[in-house]
Structures are given as C-alpha cells and as structure tokens.
Amino acid sequence: MSCNIKETITVSSKGRSSGGSCIIGGGGGARISSFGIGSGRGFSGRSYCGGVNYGGGLSVGSLAGGSYGGGNCYGNGLGFGLGGGVVVGGLGGDCLLSSCDEKVTMQNLNDRLASYLDKVKCLEKENAELECRIREWYATQGLSCEPRDYSCYYKEIEDLQNQIVCATIDNNKIILDIDNSRMAADDFRVKYETELALRQSVEADINGLRQVLDQLTLCRSDLEAQLESLNHEEEMCCLRKQSTGDVSVEVNACPGPDLRQILEDLRCQYETLIARNRKEVEDWYECKVSDTLVLQTRLTHIAPGPGAFQKPDTETISSSSFPVKNNLESSLAETECQYNTLLGDLQNQITCVEQQLAEIRAEIECQNQEYKTLLDVKCRLEQEIQTYRCLLEGGQQDLM
-8 MSCNIKETIT
2 VSSKGRSSGG
12 SCIIGGGGGA
22 RISSFGIGSG
32 RGFSGRSYCG
42 GVNYGGGLSV
52 GSLAGGSYGG
62 GNCYGNGLGF
72 GLGGGVVVGG
82 LGGDCLLSSC
92 DEKVTMQNLN
102 DRLASYLDKV
112 KCLEKENAEL
122 ECRIREWYAT
132 QGLSCEPRDY
142 SCYYKEIEDL
152 QNQIVCATID
162 NNKIILDIDN
172 SRMAADDFRV
182 KYETELALRQ
192 SVEADINGLR
202 QVLDQLTLCR
212 SDLEAQLESL
222 NHEEEMCCLR
232 KQSTGDVSVE
242 VNACPGPDLR
252 QILEDLRCQY
262 ETLIARNRKE
272 VEDWYECKVS
282 DTLVLQTRLT
292 HIAPGPGAFQ
302 KPDTETISSS
312 SFPVKNNLES
322 SLAETECQYN
332 TLLGDLQNQI
342 TCVEQQLAEI
352 RAEIECQNQE
362 YKTLLDVKCR
372 LEQEIQTYRC
382 LLEGGQQDLM
C-alpha cells in the first residue's frame, strides 16, 4: 500500500528539504520498505511532500510472503506520513538452523508482524479522521485546493527588500551618529567636570581671599580707631597745655574774636592812658610846686613892716596842696576801680570760656565712648555677617 500527500503553503522566501529512508534486508529474497519526507520552499510559498509505504515480507524454507499496503493522496492540505519496513530473509541452502531456533524466530517474527499490522490499522484510522477534519475545515473555510501564483508579488517583495536594506543602512548610520554623539557628550561631560572642578577651586580661593580681605578690613578699622584715639589724645594734651596758659578756642564755624589780642590791646590802651595821666599829674604837680617856690621867694624879698603881711609857714602851703593831692588820689582810685571792673569782666569771660571748654571736653569724651561702643557693635556685626556668609557658602557648596 502506498500513500502520497502533497501540500503547498505560502510562508516566506527560504527553502528547506529533508528526507529519510530505512532499509533492513538479508539473504537472497528481500523486501525493501522506505520512508521519505521532502520539502521545498521558494520566494512565494512552502511545500511539503511526503510518502508513506508500508510493506512486509516473510520467507522461510519456500518463498512465501505477504504484504499489506495502503495509501491516500490529497491535492491540498496537511500531509503526514510514516513508513517502516522490516525484511527478514534467510539463505535457502546456505545456512541450516535447528528446528527450535526456527520456531522461536518464526514466533518472534509473527508477533512483530502482528504488532506492526495493529499499528498500521491505528494509523489508518487516525489518518482517515484527519482527512475528514481537513475536508470539513476546507468546506467551512471555502478555500480552493489549487495552488496560487505569487509571481506578481515578486516585484513588490524586491522593492520591500530594497527598502529594508536602505532602512538598515540608515539605521546603521543613525546608530553611528548616536555613538559619535555619545562620545562627544562624554568628552563634553569630561570637559564640564574639569571646568567645574576648576571653578570650585577658584571659588574656594576667592572665599579664602574674602576672609583675608575681611580680616584686613577689620585690622584697618582697628587702626583707624587707634589713630583717631591717638589724635584725640594729642588734641586733649594740646588743649590741656593751652588751658594752663592762655585760652584758645577754635571753632570750625566762623572764627570768633581773639581774646588774647583783645586783652593785649586793652592792656596797652590802659597802660598808655595810665602813663599819660601820670605824666600829666607829675607835670601839674611840678608846675604847682614851682609856683609855690616862686611865691615863697617873693615873700622873702619883701621887707616886714607894720601892718605888713606875715610870712606864710609850711603848714599853710601844705594845706593848700591837700585838695590837689586828694583829687589825684580820687582819680587814681577811680582808674583802679575801672580797671578792676574791666578785669572782673574779663575774668568772668575767661571763666565762661573755661566752662564751655569743659563742656566740650565732656561731650568729646561721651562721643568717644559712643564711638567705641558703636565700633565694638560694628565689629561684632561684621563677625556675625562673616559667619553667616561662611555658612551660606558652605551650604551652597554642599548643594552643588
């Protein structure tokens, strides 16, 4: 029995074929059974062709044999084939076997043949069921069993293959560009990291220089404060030296009158006036004395007679000069009183100026204390600001 099944299915554009055979034979008379599966696939379809042959033969003593075969064929569909054959033959006169061995061999062969026949029947039943199912499926689907001509699609397939090749080339180019871009990005990343490290080092140097600058600023402010304090002490020493002698007050506004010059001018004026008055008094006194002497000499030359004038004595002359002396003493007392009054006024002015100077010194001391307090507050605030700045810069570096 022989069965051939052929199927054509369109799947892809590759080809593959396979086949196989099995031959077992011996002796002069042998039967050959074969099993083969062949397949081929082209651009438009795939086909499987297979054949199944079942055969068997037995020869003992005289030539006798039996064969069983069957076959089915379908134009379209799924084909399944399985074949096997066993041939056991013996040489008629070449080898003599004992009757026991022949019986055992015959029994084994009969058993094996029976099993093979049972398997063949089962496979035929399964094949028939599969054929029925295939017919029903084709009947329900309404497919024709004739092979299709796909040659009209060859051009489209070639175009699609060319497009696939072009797309593959473009894809490779894009992959190459991506690799180049990745390498460039890596280079830029390395450069960025280098520049970032350089920037961080420069910022660290700048922060160090800022701290140095702040320290120098604090030192400068301290030196300026010391300079101002030294200038103030020097000015105070000069003022103390001047306060022991003459008083000199300098005002940044319009310059006031020079008390020393005024006192010198007043002293010169009063000394000139005193000298002039003294000279006038001395001249007047000498004139009066000379007149008195002339009068006395005249009286001495006059002869005394009865009823004549008597000689004036010194008491009379002295009594006549008392009013002049009293007038001079009173004028001197008035002049001294005027000078004392003027000196009292000047002393009062000097006292007021000294009080003002003391008040100015007290205000300067208070301002100096306030300045020192404000300077200490400023230094503490600058230190706190520097601390906050360092903390902020440290936080920014941690965030970066």
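Just so you know, we're using our numbering here: the sequence shown kicks off at -8 and counts up by one.
For each residue, glycine too, the CB sits at the ideal point set by N, CA and C.
1. Using the beta-carbon count (16 or more within 10 Å), is Val111 buried or exposed?
2. Quick one: what does DSSP say Asp170 is sitting in, helix, strand or coil?
3. Using a Cβ-Cβ cut-off of 7 Å (strictly less than) and excluding sequence neighbours within five positions of Glu384, which residues of its own chain qualify?
4. Does Asn99 pass the burial test, meaning 16 or more other C-beta atoms within 10 Å, or should it be called exposed?
5. Contact between the stretch 367 to 376 and the stretch 189 to 197 is defined here as three or more beta-carbon pairs at a separation below 8 Å; is this criterion met?
6. Okay, do the stretch 259 to 273 and the stretch 322 to 334 touch, 3+ Cβ pairs below 8 Å being the bar?
7. Within the continuous alpha helix (DSSP H) that includes Tyr129, where are the two ends?
8. Is it true that the CB of Gln387 sits closer than 8 Å to the CB of Asp205?
9. Using the rule of at least 16 other Cβ atoms within 10 Å of the residue's Cβ for burial, across every protein chain shown, is Asn118 buried or exposed?
10. Is the distance from the Cβ of Leu337 to the Cβ of Leu221 below 8 Å?
11. Using the Cα positions of Arg211 and Lys182, report the straight-line distance between them to the nearest angstrom.
12. What is the DSSP secondary structure of Tyr261, reduced to helix, strand or coil?
13. For Asn359 versus His223, is the C-beta spacing smaller than 8 Å?
14. Alpha carbon to alpha carbon, what distance is there between Asp177 and Tyr379?
15. Is Tyr379 helix, strand or coil when you go by DSSP?
16. Using the three-state DSSP reduction, which class does Arg139 fall into: helix, strand or coil?
17. Can you grab the Cα-Cα spacing for the pair Asp102 / Gln152, in whole Å?
18. Which value, in whole angstroms, describes the spacing of the CA atoms of Leu286 and Lys279?
19. Counting Cβ pairs, one atom from each stretch, are 3 or more of them under 8 Å apart for the stretch 167 to 176 and the stretch 341 to 357?
20. Rounded to the nearest angstrom, what separates Glu225 and Asp256 at their Cα positions?
21. Within this structure, are the beta carbons of Ser209 and Glu373 separated by less than 8 Å?
22. Determine the contact status of Ile265 and Thr326, defining contact as a CB-CB distance below 8 Å.
23. Going straight from the alpha carbon of Tyr362 to that of Glu375, what length do you get?
24. For the candidate residues Asn339, Tyr276, Arg201, whose alpha-carbon lies nearest to that of Cys418?
25. Given a cut-off of 8 Å on the beta-carbon distance, is the pair Tyr276 and Tyr330 in contact?
Put simply:
1. Val111 is buried by the Cβ-count criterion.
2. In the structure shown, the three-state DSSP call for Asp170 is helix.
3. Correct list, in chain order: Asn198.
4. Looking at its Cβ environment, which holds fewer than 16 other Cβ atoms inside 10 Å, Asn99 is exposed.
5. Contact fails between the stretch 367 to 376 and the stretch 189 to 197, because fewer than three Cβ pairs, one in each stretch, are under 8 Å apart.
6. The answer is yes - the stretch 322 to 334 touches the stretch 259 to 273, with three or more Cβ pairs under 8 Å.
7. Segment 90 to 132, the alpha helix (DSSP H) holding Tyr129.
8. No, Cβ-Cβ distance for Asp205 and Gln387 is not below 8 Å.
9. Buried, by the Cβ-count rule.
10. Contact: no.
11. The straight-line gap from Cα to Cα measures roughly 42 Å.
12. DSSP places Tyr261 in the helix class (H, G or I) of the three-state scheme.
13. Closer than 8 Å, so yes.
14. Taking the straight line joining both Cα atoms gives about 38 Å.
15. Note: Tyr379 maps to helix in three-state DSSP.
16. In the structure shown, Arg139 sits in coil (DSSP, three-state: anything other than H, G, I, E or B).
17. Roughly 58 Å between the two C-alpha positions.
18. Cα to Cα, Leu286 sits roughly 10 Å from Lys279.
19. The stretch 341 to 357 and the stretch 167 to 176 do not touch, with fewer than three beta-carbon pairs separated by less than 8 Å.
20. Glu225 and Asp256: Cα-Cα distance of roughly 31 Å.
21. The sequence as given places Leu at residue 209; Ser does not occur at that position. In this structure, Glu373 lies closer than 8 Å to Leu209 by Cβ.
22. The answer is yes: Cβ separation under 8 Å.
23. Near 20 Å, if we compare the C-alpha coordinates of Glu375 and Tyr362.
24. The requested residue 418 is not part of the displayed model; the chain covers only -8 to 391.
25. No; because the gap between Cβ atoms is not below 8 Å, this pair is not in contact.
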